[in-house]
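Residue numbers (UniProt numbering): 1 to 296. What follows is a set of notes on a single structure, which appears directly below.
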Ligand code: GDP
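What follows is the structure, given as structure tokens:
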């Protein structure tokens, strides 16, 4: 995870550590190296621009921080700026179930890891002591609902199904009603995905959102898809208003740029990361810990 960035940044950091003074030449070279590293890792070009400008402003007029060398001062600024674009000091958690059941809608394209993530998130919330259920609103692909229910049963989580209901909206309403009666804290809705965005999919999601007033609408993004995943996230955000993102497949050889871009581009926090196919491979997203992983 983030190997490319870690490698590139470690070169920058080595050079900075050797620098005695924060003169223009050292700073310019470091900024150039940082910019190349970010662009090569597939960070969104606007985010790179902003990042470089912000860090430049901080370096100019910056006194060497007490107890740190010139290079270490820049490294500290770099670290702070990485945390900033990852979302700041605070980790963003899932909304509390104020009016149970709190509905968490997972949205995104097919194959991004939505169903797997529904299972992972259900297990995570259950481990926190909540009564959690899952349901698929994909009425066109019975296999999708079956996949979710098989996963749910493997972790002892109730899966709401009604194979005879072919109307996604009616199905969702019924699920929520049952969940309310049975005292569930959270219901995770694995919504239908498509290979590409289409009007019908967006319309269905809008209607479901309107009906169930979800506590969270979380976009499941495949980190391997890089910039494409960000463009798709923007479409979903425009249509249904996202409250967060879960980044999957960060264990693969994704360049990692999406993790550094999506918060700034879409304006919603990354809540969790998927780090494997197994049901436990879900981690809350802590910007400072990720910054540490990236910068060593
Ligand atoms: P959906 O179509 O969006 O519901 O996607 P699925 O949940 O069926 O996942 C598609 C594929 O991605 C499956 O093979 C999953 O095992 C895999 N997958 C999901 N999340 C992760 C992850 O975090 N890491 C890895 N390596 N694979 C994942």
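Beta carbons: idealized from backbone N, C-alpha and C, even for Gly.
Quiz prompt | Integer-rounded CB distance, given that residue 135 should sit under 8 Å from residue 159 | solution = 7 Å
Practice problem: Return the residue from the list 71, 171, 40, 223 that minimises the CA-CA distance to residue 18. | Solution: 71
Exercise. Could you please give the first and the last residue of the uninterrupted alpha helix (DSSP H) stretch that includes residue 132?
Key: From DSSP, residue 132 is part of no alpha helix (DSSP H) but of the beta strand (DSSP E) over 132-136.
Practice problem: Please determine, among 269, 103, 285, the residue with the shortest C-alpha to C-alpha distance to residue 275. | Solution: 285
Practice problem: Specify, as a first and last residue, the run of the beta strand (DSSP E) that residue 186 falls within. | Solution: 186-190
Quiz item: Can you find a heavy atom of the ligand GDP that lies under 7 Å from the Cβ of residue 73?
Solution: no
Quiz item: Along the chain, where does the beta strand (DSSP E) that runs through residue 265 open and close?
Solution: Counting along the chain, residue 265 falls outside any beta strand (DSSP E), though it belongs to the alpha helix (DSSP H) covering 257-266.
Quiz item: Per the contact definition of three or more C-beta pairs closer than 8 Å, is the stretch 244-257 in contact with the stretch 206-213?
Solution: no
Quiz item: Any idea which residues DSSP pairs residue 272 with across the strands?
Solution: 246, 284
Practice problem: Alpha carbon to alpha carbon, how far is residue 194 from residue 169? Give it in angstroms, no decimals. | Solution: 17 Å
Practice problem: Mark residue 263 as exposed unless 16 or more other C-beta atoms lie within 10 angstroms of its C-beta, in which case mark it buried. | Solution: buried
Quiz item: So residue 270 packs on residue 235, CB below 8 Å; how close in whole Å?
Solution: So it is not a contact: roughly 18 Å between Cβ atoms.
Quiz item: To the nearest angstrom, how far is it from the Cα of residue 244 to the Cα of residue 20?
Solution: 42 Å
Quiz item: Say the cut is 7 Å; is the CB of residue 204 nearer than that to a heavy atom of the ligand GDP?
Solution: no
Quiz item: Quick one: Cα of residue 53 to Cα of residue 43, how far?
Solution: 15 Å
Self-check item: Touching by the beta-carbon criterion (3+ pairs, under 8 Å), the stretch 217-228 and the stretch 102-119
Solution: yes
Practice problem: Output the distance between the C-alpha atoms of residue 142 and residue 283, rounded to the nearest integer angstrom. | Solution: 29 Å
Practice problem: Can you grab the Cα-Cα spacing for the pair residue 278 / residue 117, in whole Å? | Solution: 10 Å
Self-check item: Whole-angstrom distance between residue 66 and residue 23, CA atom to CA atom
Solution: 18 Å
Quiz item: Comparing alpha-carbon positions, which option in 7, 6, 26 lies nearest residue 15?
Solution: 26
Exercise. Pull up the DSSP beta-bridge partners for residue 240, would you.
Key: Answer is none; residue 240 lacks a bridge partner.
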